[in-house]
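Plus 15 on top of the position in the sequence shown (first one is 1) and you've got our numbering.
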Amino acid sequence: MIITQPPDAKLPSLVYPSFASSSQNPFAHSDDRLVEGPSEEDFSYPHTQDQRRSIALSELPPAYRPPSSISESKQPRKKRLKRKFKIALCTVLAIYVAACTIVVALLLTGYLKHHHGPPPHGSHELFNPQYSTPGYVPPGALPQDGTATICNAWSNPSPFSRRTSSNSSANSTPTYTTSLQYNLSQNNTFNEAMFVFINAGQYAASSGTLTVVSNDGLAAPVVDVTMKYRTADGRNSSYVCLMTTYNGVGLGLYTSNTAANEHPSYDITLQLPGSTFISGLSTNLAYFTQTIGRRNTIFTSELGLLSLAGPFSPIFVNGVNVTAQNVEAITSFSAIYGDFTTSQSLTLSTSQAAINVNVSLIRTAGESVPVALTLTTQDAIVQSNIFLMATQDSLSTNTSSPDFVITATSGKAPVSLAIRHDPQSVPSRVAVSASTKYAPVAVSLDALYEGSFSVMSDVGVSMDRDDTTDPTGMNRDRQCVLSQNTNNDIEGSIYWGAGVPDPVSYVSLRTQHAKAALYLDSNCPAASCLLSQNPGS
16 MIITQPPDAK LPSLVYPSFA SSSQNPFAHS DDRLVEGPSE EDFSYPHTQD
66 QRRSIALSEL PPAYRPPSSI SESKQPRKKR LKRKFKIALC TVLAIYVAAC
116 TIVVALLLTG YLKHHHGPPP HGSHELFNPQ YSTPGYVPPG ALPQDGTATI
166 CNAWSNPSPF SRRTSSNSSA NSTPTYTTSL QYNLSQNNTF NEAMFVFINA
216 GQYAASSGTL TVVSNDGLAA PVVDVTMKYR TADGRNSSYV CLMTTYNGVG
266 LGLYTSNTAA NEHPSYDITL QLPGSTFISG LSTNLAYFTQ TIGRRNTIFT
316 SELGLLSLAG PFSPIFVNGV NVTAQNVEAI TSFSAIYGDF TTSQSLTLST
366 SQAAINVNVS LIRTAGESVP VALTLTTQDA IVQSNIFLMA TQDSLSTNTS
416 SPDFVITATS GKAPVSLAIR HDPQSVPSRV AVSASTKYAP VAVSLDALYE
466 GSFSVMSDVG VSMDRDDTTD PTGMNRDRQC VLSQNTNNDI EGSIYWGAGV
516 PDPVSYVSLR TQHAKAALYL DSNCPAASCL LSQNPGS
C-alpha cells in the first residue's frame with residue numbers, strides 16, 4: 016500500500032548530530048538523510064561536543080529524549096517545599112512580632128494610666144471610707160482577725176502629700192503619704208476583758224514601725240496610721256481596717272495577693288489607756304520594728320498578756336515599768352532588746368539574732384506555779400541580767416517546786432546570765448538551766464542562792480566563789496561541798512550554816528566545744544562581765 020503525502024505537508028525539522036549513525040535514526044536512509052534545520056551559522060561557534068549534544072537533544076521529540084535522572088526530576092518539588100517553608104516561617108514571625116507589639120502597647124497604656132503621677136484633685140472616690148457590709152473579710156485576712164467594721168478611712172483624700180527627701184534624685188519614684196485614726200472599741204465601748212491586736216494578713220508585703228505607749232487621758236485605745244506608698248495602685252490595693260472579734264478589737268493591714276509587689280510602708284502608734292488593765296495586746300507583723308513604751312517614760316498600762324510576733328521584726332521594750340502577767344516575744348532573724356517585767360511567764364524566742372534583755376521576775380502571792388523565763392535563739396548570743404523579787408507570803412507553799420524557773424539556750428553562740436535577788440527580796444528557790452554548743456556558757460548567782468550545781472563541758476569547766484558575808488545578817492558560814500571535780504565536770508552544792516542543801520534549787524551549765532564557768536556569790540554587776548571573765552569566751 017502506497018501512502019500519498021499531501022503536497023503542503025511538512026516534515027518535522029530534525030537535526031541529527033554528526034556522531035549519530037544511521038542505525039540510530041530509524042526514519043532515515045544513509046543516502047537521503049533529512050538535514051533540515053538550523054545551520055552552523057545559527058550557533059555560537061565553536062561548540063564543544065557536549066554543547067552540540069545538548070542542543071541536539073533539546074530539539075528531539077519528547078519520545079526520543081533520554082530520561083532525566085531521579086534527582087533532577089525531584090529538584091523542582093524540593094524547591095517548592097523549601098519556598099513554602101520559608102513563606103510559612105516568615106508568616107509566623109510576622110504574627111509573633113505583631114502580637115508582641117500589641118501586648119507591649121496595652122501594658123504601656125495601662126502603666127501610664129495607673130502609674131504616671133497622682134490623679135486629679137477631684138478624684139476622691141478611692142479615698143472614701145469603705146464601710147463594710149456585715150461579715151466582710153478583707154483579702155488575706157486570717158480567720159482569727161474577725162470581720163471589718165471600716166477600711167481605708169483616710170483623713171486627707173486629696174491632693175497627695177509628697178514626702179520629700181534631701182537625697183532623693185530627680186529620677187526616683189516619689190513617695191506619698193496619707194493617714195487615718197481609729198478608736199479601738201466595740202460600739203464605742205471598751206472593757207478590761209477585751210483583747211487588742213494589730214495583725215498583717217497572709218498576703219501583706221508591708222513593713223514599717225509600731226510604737227505602743229500609754230496615755231492616762233484615754234478611756235479606750237486609739238491607733239494612728241500613716242501610710243507611705245509610691246503609686247495609686249499600691250494605695251488602693253491596700254486595706255487598713257478596724258477589725259472586731261467576739262472578744263477583741265484591733266487593726267488589720269491587708270494587701271490583695273495580686274498587688275503584693277507594691278510594698279506599702281506604715282508608721283503605727285497605738286495609745287493604750289493609762290492606769291487601766293487590758294486583758295491582752297498581741298501583734299503579728301513581719302518586717303516591722305516593734306517598740307513598747309518610750310525611753311525614760313513610765314508605761315502605766317497594765318497588761319494581762321503581751322504577745323509580740325513577726326519574722327524579721329526587731330522587738331524593743333524601752334518604756335519604764337512595762338509589766339505584763341505573761342509575755343511572749345517571738346521573731347526570727349531579728350534581735351530582741353529591752354527591759355521586761357513579768358509576774359507569771361516570759362518567753363523570748365528568735366533565730367539567727369541576739370537576745371539582750373534585762374528581766375524582772377516578780378512573784379506574787381497566791382501563785383501555785385513558778386514564774387518562768389525562757390530565752391531561746393540560734394547562732395546568736397543570749398545575754399540577760401535577771402532580777403528576782405519575792406516576798407515571804409509569795410513563796411511557793413509546795414516544797415518540791417521552785418519559785419523561779421530560768422532556761423536559756425543558744426545553738427552555737429555564747430550564753431551569759433547574771434541572776435540576782437532584788438535588795439528587797441527574800442531568799443527564794445531558783446532552778447536555772449543554761450546550754451549552748453561550740454561557745455562558752457557562763458552563769459553568776461548572788462549570795463542568796465542555796466542549792467546544787469552542775470557544770471559540764473568537753474573542753475573545760477570552772478567554778479569560782481567570791482568572799483561574802485551572810486546577806487541575812489545571821490552570821491552563818493558559807494558551805495560549799497564538791498561531789499565531782501574533774502576537768503570536764505564539776506558538781507556539788509552550796510548553802511549557809513550547818514543545814515542541808517536545798518533539794519529544789521539547782522543550776523545546770525552545758526556546752527561542748529568551749530568552756531563553761533559558774534560564778535557563785537558573784538559581785539559581777541552585769542551579764543556582759545561574765546564572758547569577759549570566762550577564759551573560753
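We treat Cβ as the ideally placed atom computed from N, Cα and C, and that holds for glycine.
Taking the C-beta atoms as reference points, residue 216 is found nearer than 8 angstroms to residue 270. By alpha-carbon distance to residue 212, the top candidate from 325, 419, 253, 538 is 325. C-alpha of residue 404 to C-alpha of residue 229: approximately 25 angstroms in a straight line. Inter-residue distance for residue 232 and residue 317 is about 15 angstroms (C-alpha atoms, whole angstroms). Residue 392 carries a strand assignment under DSSP once its states are collapsed to helix, strand and coil. Counting along the chain, residue 250 sits inside the alpha helix (DSSP H) bounded by residues 247 to 251. With a beta-carbon spacing of about 4 angstroms, residue 366 and residue 393 fall inside the 8 angstroms limit used to define contacts. Annotation: the continuous beta strand (DSSP E) that includes residue 495 extends over 493 to 500. The three-state reading of DSSP puts residue 480 in strand, counting E and B together.
Here residue 409 carries a helix assignment [DSSP, helix/strand/coil]. In summary, residue 243 is buried, with 16 or more beta-carbon neighbours lying within 10 Å of its beta-carbon over all protein chains present. 8 angstroms or more divides the Cβ of residue 237 from the Cβ of residue 272. By the Cβ test, the region 405 to 414 is not in contact with the region 501 to 514, since fewer than three Cβ pairs between them sit closer than 8 angstroms. In this structure, residue 308 lies near residue 332, with their beta-carbon atoms less than 8 angstroms apart. The residue from 380, 462, 447, 378 with its alpha-carbon nearest to that of residue 456 is 447. In this structure, the alpha-carbon of residue 435 lies about 26 angstroms from that of residue 503.
Bounds of the beta strand (DSSP E) holding residue 505 are 504 to 511. Residue 311 and residue 251 have their C-alpha atoms spaced approximately 39 angstroms apart.
In this structure, the CA atom of residue 510 is about 6 angstroms from the CA atom of residue 466. As DSSP reads the structure, residue 211 sits in a beta bridge with 264, 296. Residues of the same chain with a CB within less than 6 angstroms of the CB of residue 389, apart from the 5 flanking positions on each side, are 362, 422 in chain order. Close CB contacts of residue 475 within its chain, under the 6 angstroms cut and outside five residues either way in sequence, are with 502, 530 (chain order).
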